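*Asks:* Pasting in a structure now, in structure tokens, and then I'll have a few things to ask.
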Amino acid sequence: MANQPISMQRIKQIIRYHHEGMAIKQIVKLARTSRNTVKQYLAKFKELGLTIEELDHLDAYSIHQLFSSAPPKELAKKDPRFTRLQELLPSIAKALRKRGMTIEKQWKEYTQQEVNHYQSTQFGDYVREYLGRQKVSMVLEHKLGDKLYLDFAGDKLQLIDKESGELDEVEVFVGILPASNLIYVQCCHTQSTVDMANCTRKCLEYIGGSPAAIVTDNLKAVVIKSSKYEPLLNQAFESFGEHYSTSILPCRAYKPQDKALVESAVNLVYQRIYTELDKHEFFHLEELNQAIAPLLEDLNNASFKGEESRRIRFEQEERQTLKPLPDIPYDLQHSISATVMKNGHVNFSADKHQYSVPYTFIGKKVKLVYNSDYVAIYYNHEPIARHERDYRKNRYSTDKEHLASTHRFMSEWNPEFFIAQGKAISDEVAYYLEKLMESKSHPEQGFKACLGVLNLGAKVGAERITKACKRAHNYQSYSYWTIEDILTKKLDEIDPETEQLEENRHTPEHRNIRGSKYYE
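When the letters of the sequence shown are read in order and numbered with my numbering, they come out as residues 315 to 834.
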């Protein structure tokens, strides 16, 4: 274009200076080139219709192809080859989106179809110029079936713990095929390697195949050590890639534009999915993912930028370019060792959750093998228990069949259980046990006291325990010790209607029974 060669970086500087409002005279001075050269490059930039941001993303080769000399348009338009090529350019651009397709291959097809055709160099110049005008430079173009981008959303969703009412945050996994813009979303508990692999597997199952590469953020689940040139991958996730015949490509830590595509997908998920989920409450992860599924389909089936939907573009163009999935899904597992505690449970340290095993293994050292869905427990390589994985901290997952008979009875303790036991004796006993449990600050205190009262009833019979509970209720004193003292001193045998109560004579001499006047 100019009389003297000029670097591609200098072209960028000229255009950027002009974009910032700098005068031509000043640009000439800073760029150390002629006024005519500056004007020519600015005119070419305007003709291409690129933005300054798109220019920044182009490499030196692309800039050279776009800004190199080409026949004046006035002359080119008179050439029938030019008119015909302009008609073919949209289909050529679409074909170039296919994996493995190149401009050279397209030129060969073009020459087979057109007797009067351009040579390779001129053909390439016009194609690249067209791509530049359409704002889809080869640097930013995504080929069909080439890549799947993955990331976690910055804003998390929440589950409600039914027992405590506390809110538990969960991660939101997002994937996008950049060529068709098909999106995948699901929730998981953590960003661990196990959860990341599980989500990625389900994403591949959703799209029905494997792309040539999976591009992830530099998450610890995938990358052990970031590098501009060769990131060190987690061995487990590297095995995942081998299983699905795909390459794992972490985003370049130094190139934030690598993340722009998936971040735009995340923003869309906020707008189309989060806003709908915020109208509801969810208690289980599976329940939350079930609610996401139809919203995700609505998103993918919606018209995309005024054209066909993501789903249509995927089904028509990209699905057939994906590699078939293996018959056996990848199951990433981890294992840890633990000793069975006296309560018949093992502590799963990763989640601070306890899982039961048969009580005969108390004191034994066992192995826990787990993934994102389940925890399996082995002793001497033999399976002894399997539980659905529960991510709630300081909780128990208990199979009653694992417990000894005494422990199994205790596992059934709850207010309804003890009230029912009391009602089997009399309504008065049931009412007293209910009030006893209400008076305790911790449920287990009330349960044990109720058990003691029931044991006393088994010793003295239904009539005496009923009278003892009625008298203790008159005292407004709710404890095991109150009932025991009444029975020991046989106060239950005194008729309350004829009793002339004298506080010091009739009230049991016990620190837990202070007489009726004390409670007034």
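Just so you know, even glycine gets a beta-carbon here, dropped at the ideal spot from N, CA and C.
All of these numbers come straight from a predicted model, not from anything done at the bench.
What is the DSSP secondary structure of Ser541, counted as helix, strand or coil?
*Replies:* Position 227 of the sequence shown, counting from 1, holds the residue named residue 541. Note that Ser541 scores 41 on pLDDT, short of 50, meaning its location in the model is unreliable; the coordinates nonetheless yield the value given after this. It is coil, neither helix nor strand.
*Asks:* Is it buried or exposed for Ser651, if we count other Cβ within 10 angstroms and need 16 for buried?
*Replies:* In the sequence shown, counting from the first residue as 1, residue 651 sits at position 337. Classification for Ser651: exposed.
*Asks:* So Ala467 packs on Arg411, CB below 8 Å; how close in whole Å?
*Replies:* Here the question's residue 467 lines up with position 153 in the sequence shown. Here the question's residue 411 lines up with position 97 in the sequence shown. Actually they do not touch by this definition, with Cβ atoms about 27 Å apart.
*Asks:* Does DSSP put Lys268 in a helix, in a strand, or in coil?
*Replies:* The displayed coordinates of the chain run from 315 to 834. Any statement about residue 268 would go beyond what the structure contains.
*Asks:* Can you tell me where the alpha helix (DSSP H) with Asn512 in it begins and where it stops?
*Replies:* Indexing the sequence shown from 1 puts residue 512 at position 198. First-last of the alpha helix (DSSP H) with Asn512: 507-521.
*Asks:* Secondary structure at Asn788, three-state DSSP: helix, strand or coil?
*Replies:* By 1-based counting over the sequence shown, the position of residue 788 is 474. Under the three-state reduction of DSSP output, Asn788 falls in the helix class.
*Asks:* Spatial neighbours of Gln668 within its chain, please: C-beta separation below 6 Å, excluding the five flanking residues on both sides.
*Replies:* Taking the sequence shown and counting its residues from 1, the one referred to as residue 668 is at position 354. For Gln668, where only same-chain residues beyond five positions count, the Cβ hits under 6 Å are His659, Asn661, Tyr710.
*Asks:* Can you tell me whether Thr589 is buried or exposed? The criterion is at least 16 other CB atoms within 10 Å of its CB, across all chains shown.
*Replies:* Here residue 589 refers to the residue found at position 275 when the sequence shown is read from its first residue. Exposed, by the Cβ-count rule.
*Asks:* Does Gly775 come out as helix, strand or coil in the three-state DSSP assignment?
*Replies:* Taking the sequence shown and counting its residues from 1, the one referred to as residue 775 is at position 461. Here DSSP, grouped into helix, strand and coil, assigns Gly775 to coil.
*Asks:* Hey, out of Ala699, Tyr688, Glu483, Phe554, whose CA is closest to Thr674's CA?
*Replies:* The residue given as residue 674 occupies position 360 in the sequence shown. Closest option to Thr674, Cα to Cα, is Ala699.
*Asks:* Check Met322 in the structure and name its three-state DSSP category.
*Replies:* In the sequence shown, the residue the question calls residue 322 occupies position 8. Met322 falls in the helix class under three-state DSSP.
*Asks:* What does the Cβ neighbour count give for His598, buried or exposed, with the cut at 16 atoms within 10 Å?
*Replies:* Within the sequence shown, numbered from 1, the residue matching residue 598 stands at position 284. By the neighbour-count rule (16 or more Cβ atoms within 10 Å), His598 is not buried but exposed.
*Asks:* Using a Cβ-Cβ cutoff of less than 7 Å, which residues in the same chain neighbour Gln500 once the five nearest sequence positions on both sides are dropped?
*Replies:* For the purposes of this step, residue 500 is identified with residue 186 of the sequence shown, where counting begins at 1. Closer than 7 Å at the Cβ level, and outside the excluded window around Gln500, lie Phe487, Cys513, Lys516, Asn603, Ile606.
*Asks:* On a CA-only basis, which of Leu639, Asp475, His594, Ser649 is nearest Glu556? Give me that one, please.
*Replies:* Residue numbering aside, residue 556 sits at position 242 when the sequence shown is read from its first letter. Among Leu639, Asp475, His594, Ser649, the Cα nearest to that of Glu556 is on Leu639.
*Asks:* Arg700 bridges to which residues according to DSSP?
*Replies:* Residue numbering aside, residue 700 sits at position 386 when the sequence shown is read from its first letter. In the DSSP output, where bridge partners are listed per residue, Arg700 has Ala690.
*Asks:* Roughly how many angstroms separate the alpha carbons of Gly438 and Pro404, rounded to a whole number?
*Replies:* Translated into the one-based positions of the sequence shown, residue 438 becomes position 124. Translated into the one-based positions of the sequence shown, residue 404 becomes position 90. Distance between the alpha carbons of Gly438 and Pro404 is about 14 Å.
*Asks:* In three-state terms, what does DSSP make of Leu579?
*Replies:* As a working mapping, residue 579 is identified with position 265 in the sequence shown. One point to set straight first is that residue 579 is Ala, not Leu, in the sequence displayed. DSSP places Ala579 in helix when its eight states are reduced to three.
*Asks:* Identify, in the order they occur along the chain, each residue of the same chain with its Cβ nearer than 7 Å to the Cβ of Val689, setting aside the five sequence neighbours on each side.
*Replies:* Within the sequence shown, numbered from 1, the residue matching residue 689 stands at position 375. Within the same chain, Val689 has close Cβ partners Phe662, Tyr669, Leu682, His701, Arg703.
*Asks:* Which one of Val429, Lys470, His456, Leu402 has the shortest CA to CA distance from Met847?
*Replies:* Examination of residue 847 is not possible in this model, given that the chain is present from 315 through 834 alone.
*Asks:* Just the C-alpha distance for Val576 and Leu613, rounded to the nearest angstrom, thanks.
*Replies:* To locate residue 576, count along the sequence shown from 1; it is residue 262. To locate residue 613, count along the sequence shown from 1; it is residue 299. In a straight line, the C-alpha of Val576 is about 15 Å away from that of Leu613.
*Asks:* Using the three-state DSSP reduction, which class does Asp393 fall into: helix, strand or coil?
*Replies:* As a first step, residue 393 must be located in the sequence shown, where it is residue number 79. It is coil, neither helix nor strand.
*Asks:* Taking DSSP's pairing of strands, which residues face Cys501 in a bridge?
*Replies:* Here residue 501 corresponds to residue number 187 of the sequence shown, with the count starting at 1. For Cys501, which the question treats as bridged, DSSP gives the partners Val486.
*Asks:* Measuring alpha carbon to alpha carbon, tell me which residue in Leu563, Tyr558, Ser559, Ile497 is nearest Ile587.
*Replies:* On the sequence shown, residue 587 is found 273 positions in, with the first residue counted as 1. Among Leu563, Tyr558, Ser559, Ile497, the Cα nearest to that of Ile587 is on Ile497.
*Asks:* Three Cβ pairs or more, each shorter than 8 Å: is that satisfied between the stretch 767-785 and the stretch 733-753?
*Replies:* yes
*Asks:* Consult DSSP for Phe596 and reduce its assignment to one of helix, strand or coil.
*Replies:* The sequence position of residue 596 within the sequence shown is 282, counting from 1. Phe596 falls in the coil class under three-state DSSP.
*Asks:* Can you check whether the CB of Leu399 is closer than 8 Å to the CB of Tyr432?
*Replies:* If you number the sequence shown from 1, residue 432 lands on position 118. If you number the sequence shown from 1, residue 399 lands on position 85. Contact flag set, yes.
*Asks:* Enumerate in chain order the residues of its own chain whose CB-to-CB distance from Pro697 is below 8 Å, with the five nearest sequence positions on each side excluded.
*Replies:* Here residue 697 refers to the residue found at position 383 of the sequence shown. Answer for Pro697: Ala690, Ile691, listed in chain order.
*Asks:* Would you give the residue range spanned by the alpha helix (DSSP H) that Asn350 belongs to?
*Replies:* Stepping through the sequence shown from its first residue, residue 350 is reached at position 36. Taken as a continuous stretch (DSSP letters only), the alpha helix (DSSP H) holding Asn350 covers 349-362.
*Asks:* What residue range does the alpha helix (DSSP H) around Thr530 cover?
*Replies:* On the sequence shown, residue 530 is found 216 positions in, with the first residue counted as 1. Taken as a continuous stretch (DSSP letters only), Thr530 belongs to no alpha helix (DSSP H), being part of the beta strand (DSSP E) at 527-530.
*Asks:* Report the three-state DSSP secondary structure of Ile328 (helix, strand or coil).
*Replies:* For the purposes of this step, residue 328 is taken as residue 14 along the sequence shown, with counting starting at 1. Helix.
*Asks:* Given this structure, state the Cα-to-Cα distance separating Gln505 from Gln436, to the nearest angstrom.
*Replies:* Walking along the sequence shown from the start, residue 505 turns up at place 191. Walking along the sequence shown from the start, residue 436 turns up at place 122. Whole-angstrom Cα-Cα distance: 50 Å.
*Asks:* Between which two residues does the beta strand (DSSP E) harbouring Glu807 extend?
*Replies:* Translated into positions along the sequence shown, residue 807 becomes position 493. Run containing Glu807: none; DSSP gives neither H nor E here.
*Asks:* Grab me the residues of Leu481's own chain with a C-beta within less than 8 Å of its C-beta, minus the 5 sequence neighbours each way, in chain order.
*Replies:* By 1-based counting over the sequence shown, the position of residue 481 is 167. Taken in chain order, the residues that qualify are Gln472, Leu473, Ile474, Asp475.
*Asks:* How is His667 classed by DSSP in three states: helix, strand or coil?
*Replies:* As a position in the sequence shown, residue 667 is number 353, starting the count at 1. His667 falls in the strand class under three-state DSSP.
*Asks:* Would a C-beta distance cut-off of 8 Å place Leu462 and Thr635 closer than the cut-off?
*Replies:* Within the sequence shown, numbered from 1, the residue matching residue 462 stands at position 148. Within the sequence shown, numbered from 1, the residue matching residue 635 stands at position 321. Result no, Cβ atoms of Leu462 and Thr635 do not sit closer than 8 Å.
*Asks:* Mapping the DSSP letters down to three states, classify Val660 as helix, strand or coil.
*Replies:* Position 346 of the sequence shown, counting from 1, holds the residue named residue 660. DSSP places Val660 in strand when its eight states are reduced to three.
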